[in-house]
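Following our numbering, the residues of the sequence shown are numbered contiguously, the last one being 999.
Glycine included, every Cβ here is placed at the ideal spot set by N, Cα and C.
These numbers were taken from a predicted model, which means no experiment stands behind them.
Report on the structure given below.
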Amino acid sequence: MLQQLRFYYKHSLNDLAVNGRRTFFALLAIAAGVAAIVSLLTLGVMIDDTLTGSLQESNRGDIRISIRPFDEDPLSPEEEDAREQDGVVQEYGPFDELAIGQEGLETIQAWLDEHFPGVAELTYRQLVTGVAGTAVRIPAKDTVNPFTVPLIVETAKYPWYGDVVSEDGRPLDTLINAPTDIVISRNLADKLNAEVGDTLRLNSVNADFTIRGIVPTDVEGGFENIIGALIGFYYLDQQAMTFFDGGQVTADNIYLRLNDLSQLDAMDDALEERFPYLNITSTEDVRSQNEEVSDILTQLVSVMGLISLLIGGIGIINTMNVVVSRRRVEVAVLKTIGFEAEQITILFLVEAFIMGVLGSLLGIVLGWVLTFAIKGVAENFLAQSLTFRITPEPPLTGLIVGALITTIFGFLPTLSAGQVRPATVLHPAETPMPKAGRLRSFAAVIVVILALSLVAQPMIGGLLAAEDDGTNTTESVEPVETTPTSPDITMISASVGAVLGFLGGVAVLAGKMFTDWTHKRWPRRILRWLLFLVIMPTLTGLFGFFVPAVLFLLGAFITAGILYVLLWVVVIIIGRFFPSLGIVDLKIALRSILAARGRTASTLLALAVGIFTLSLISMLTTTILDEFERLIVEQSGGNVLIFASGDTLETVETTLANFDGVESFAVVGAHDVELLTVEDVSENQTITFDELRQRAIELDPGGAGPGYDDLLDFAFRAIDGREIDSNLPEFDFYAGRQLIPEDNGQPVMVMTANEATIALGFEVGDRLTFRFVDSDNPETNTLTFEVVGMKDGRGIDLNTGSPNYVPLDSLPPELEPGQLSAVVQVDEARLRDLQRTFNEIPGTFLLETRLLNDLINRLVTQFTAFPILVSALALFTGGVVIANSVALTTMERRREIAIMKAVGLQRERVLSMLLLENGIMGIIGGLTGVGIGALMLFLMLTQLFDSAIGDSIPFATAFLLMGLALLITLIASVLTVWGASGEKPLNVLRYD
């Protein structure tokens, strides 16, 4: 046995050396897939280190207390009552933002002193209410950043853990020594072209500030301040609040540092019990959350790395097919001297395994290099810096998976090697390569699926994990050693495994395989039938139960098979029926593609998969950005929004009326309201809001997203009174019409039609009675409006105003709005001049609507950069597979190329013919991948947007991606056919 293995090993090494060029391209295909796995897994380790590393720094303390977001985690009635009674959380500012005031801070501090005396120190971050301080400007350089995150803290204490250090190495507490000192982030400095010492101005703040330092953007990175990492942030000391209107304490985050960490769990539990309406986040909670995020990202990169390696497997199959075909005489000699078919198969499997090991080693090194190339994208995605670290798990995984997958994929081509007859030695040129047989191949495919499932299970098992049933809470944060799988999934996978085993057994019996030991012996024949029809399905059923990854692999193989057949048919149609237009080179290229249609289809499969994943993400991103841009323009009613306090409205109106370049404007006043009753005209009944809310709860279908009661609350929380002679927003109407100038002074309204209001039967003609919260006059605070229009609010609503609006003249003059603004349409050439004008008017804030689109662009780009990168790695592997296939085809056609050159064709002509042939392949692959991506995008758009689908699909992006597929194919072709096109004909004809 050992002697046989030694022979297999030496013979395989010798063959790999003899077939140097073929070996090189096979190793390259393996290395590309392994490099994707190693780079992505190494990146996953780096992400895990960052997310689960310094938890106290990430949390900015041992315990963080924050306001619970109502839209993510609504309070129960008991918690709402407790919040109102305690008075810790109050509403502040023009938008009624929730914050912890001075009284709340004192309550929390007193509770800490009573229950945990001397254990914890407290500091907090100031919430800036309204829009004050969000727009940052350097007057001397005429630069502005309209959206900025203010971080107003106690600089002597913040942060409790870690240091905020400027780029020149100075800590925050030494940079800010006066209320007018400010420190800004690097990304904000780049946008403002700012330097240390510049004078900076904040909107609605009565002071100028001096920049004392610039800090790296990632000092406030992570999920807690991801917006700041995108748009920029600055630090002020809390003494600077004297320059803000109001200037009262309004904390949105409180940070606790414990002197005795053994009290952490007890304090965490006690705080949650005492203040159930607040978010209490300990370092253990952060660990649990970050581990969950890290696991999700690790699963993502593992799946995409596995897909890349499976794509590389196509190159392995192509290489082994060529190797087996060219060595059929050698195989015939080995069988002549006594080798059995199984021994021949083992010989080639050993060669495939050695190729897998060598290719994986090369891929490990390449993967580490790729990690440096993709690290920056991951850092931008996470808004945190990542530290490169070599750990044993990624390279070991790459080595084991690469070697096993290469061996498994090499198994299919080696089946035909065992079918070579010894007589081939006598007539090598006249004997075609035998086929393995359909039944034998089918059984082999099932073996490959099961083997690949076993390899893939450790990498993708988490994707098939059982969903949380809601019994787990953040109180249990111990890491889970095993990932349980959903019972439904395990039963399905067990059933699939049993079916695969049964089909494999039928193929073995029908193909009369493994029959030597049963010859003319009925007991053994019966045992053979039982083995393959009963025992094998039972064993594979158990295999599927414990290895549910078989579902993923079976789906992947079925999908790949469908795509292969589709591409095979397309290649035949183009090769036979595409007109050559009298061009000889094109005719030869089409015939060459048709002659090698099997390999061409498999190569195009690798390209199409890579292009598909990249095209789907890219086109979806482009579509979303284009649709957001359209919605912002239509729903805002103008290209500028100006927010003003009540005493500056007259100044704003006068300025706009006299400003050259303002085409139109309309004043809008926002009012907080409560819906009291609805008079249903069609049913002739009046319904109270409480009754409506109860109906909404009963009608709620459940599922993801907000409930009908929440949607009902949102629909009637506010009303805008707006001038309707101009600058009305453009909406798609569910029913009714837009307001018209004739509605001035009339009690009519346009309401929002979302899933809840539609289900509850709201319709045009209903009369809605509201109480205006901001008014104390009982004669004017209750008003009734008739619904004349229902704007469709079921899609994406980017309207910056309230969900409903009425004519401004229909409201009593004494009814003061909570927020005043103006919607303005101004000549684009005068926008900067208008900006400068309003920068000089205190209490106003000018916002260009295009900047909203820029912000959305940054957000979408930030969150899609990483998936696009991962998809690009799969496309990179596809490009290597193309190079491998082209190289193999070129080496097989050396004699054909030599004959063309011998009859007078120049090197350039031969090269152009080969590039034309492969260019057609690139077009087919790109068209297929982009076409499938566009089809899936079409299906997704019908769920996301209500606009015309044809207007939403980004055809320009689609054509660019098809061009990318063509470019990748041509580059891969040039790298492999350049040398072959220049080889001398005599060398080829003499030795081939």
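State the start and end residues of the unbroken beta strand (DSSP E) segment that holds residue i.
i      : result
MET797 : 789 to 799
THR136 : First-last for THR136: undefined, no H or E at that position.
THR684 : 669 to 687
ARG264 : 257 to 265
GLU104 : 104 to 108
PHE777 : 774 to 779
SER599 : Note, SER599: premise wrong, no beta strand (DSSP E); alpha helix (DSSP H) at 591 to 602.
ARG71  : 70 to 74
LEU746 : It is not in any beta strand (DSSP E) - LEU746 carries neither H nor E in the DSSP assignment.
THR398 : Premise fails: THR398 is in no beta strand (DSSP E) and is neither H nor E.
ILE649 : 647 to 651
In the DSSP assignment, the alpha helix (DSSP H) including residue i goes from what residue to what residue?
i       : result
PRO814  : Per DSSP, PRO814 belongs to no alpha helix (DSSP H); it is in the beta strand (DSSP E), 811 to 814.
LEU706  : 696 to 706
ARG13   : 9 to 25
ASP1004 : Outside the modelled stretch of the chain, which goes from 8 to 999, sits residue 1004, for which no answer is possible.
GLU98   : Per DSSP, GLU98 belongs to no alpha helix (DSSP H); it is in the beta strand (DSSP E), 96 to 99.
TYR715  : 715 to 722
ILE238  : 233 to 238
ALA196  : 193 to 199
According to DSSP, is residue i helix, strand or coil?
i      : result
THR983 : helix
PRO283 : coil
GLU636 : helix
GLY709 : coil
ILE218 : strand
ALA955 : Reliability of the predicted coordinates at ALA955 is poor, the pLDDT of 47 falling under 50, and no value is obtained from them.
PHE154 : coil
SER289 : strand
THR162 : coil
PRO146 : coil
THR490 : With a pLDDT of only 46 at THR490, under the threshold of 50, the placement of this residue in the model should not be trusted, and no figure is reported.
GLN464 : helix
GLN391 : coil
THR59  : coil
GLY989 : coil
GLY940 : helix
ALA185 : coil
ILE731 : coil
GLY477 : Because GLY477 carries a pLDDT of 41, less than 50, the predicted location of this residue cannot be relied on, and the following value inherits that uncertainty. In this structure, GLY477 counts as coil in the three-state DSSP scheme.
LEU112 : helix
GLU642 : With the sequence shown as reference, residue 642 is identified as Gln, and Glu is not the correct amino acid for it. It is helical.
Less than 8 Å between the CB atoms is what I'm expecting for residue i and residue j, so what's the real figure, rounded?
i      : j      : result
THR413 : ILE323 : 5 Å
ILE318 : VAL888 : 6 Å
TYR241 : LEU304 : The pair is not a contact, with the Cβ atoms about 30 Å apart (cut-off 8 Å).
GLY548 : ALA501 : 5 Å
LEU838 : GLU855 : 6 Å
ARG193 : VAL212 : About 22 Å separates the two Cβ atoms, so there is no contact after all.
GLY825 : ASP679 : 6 Å
Among the options, whose alpha-carbon lies nearest the alpha-carbon of residue i?
i       : options                        : result
VAL669  : GLU660, ASP834, THR398         : ASP834
ILE731  : ALA881, VAL831, THR566         : VAL831
TRP985  : GLU85, LEU365, MET920          : MET920
THR404  : PHE449, LEU377, PRO84, ALA463  : ALA463
VAL498  : PHE552, ASP276, VAL755, ASN184 : Correcting the residue identity first, residue 498 is Met in this sequence and not Val. When each option's Cα is compared against that of MET498, the closest is PHE552.
LEU265  : SER289, GLY254, PRO586         : SER289
GLN1023 : PHE672, GLN133, LEU457         : Since the first residue shown for the chain is 8 and the last is 999, residue 1023 is missing from the structure and cannot be characterised.
ILE371  : ALA42, LEU561, LEU199          : ALA42
VAL293  : GLY345, SER269, SER65          : SER65
THR871  : SER625, GLY312, GLY605         : SER625
PRO283  : THR421, GLU87, GLU121          : GLU87
ALA451  : LEU459, PHE418, ILE694         : PHE418
ASP495  : GLY940, PRO555, THR607         : PRO555
Starting from the N-terminal side, write out each stretch of the alpha helix (DSSP H) that is 4 residues or longer and does not extend beyond the region 817 to 853.
838 to 846
Output the residue ranges of the beta strand (DSSP E) runs that lie fully inside the region 846 to 906 and measure 3 residues or longer, sorted by chain position.
851 to 855
In chain order, which continuous runs of the alpha helix (DSSP H) of length 4 or greater are located wholly inside the region 531 to 555?
543 to 553
Can you list the alpha helix (DSSP H) stretches of 4 or more residues lying completely in the region 310 to 357, in chain order?
335 to 343
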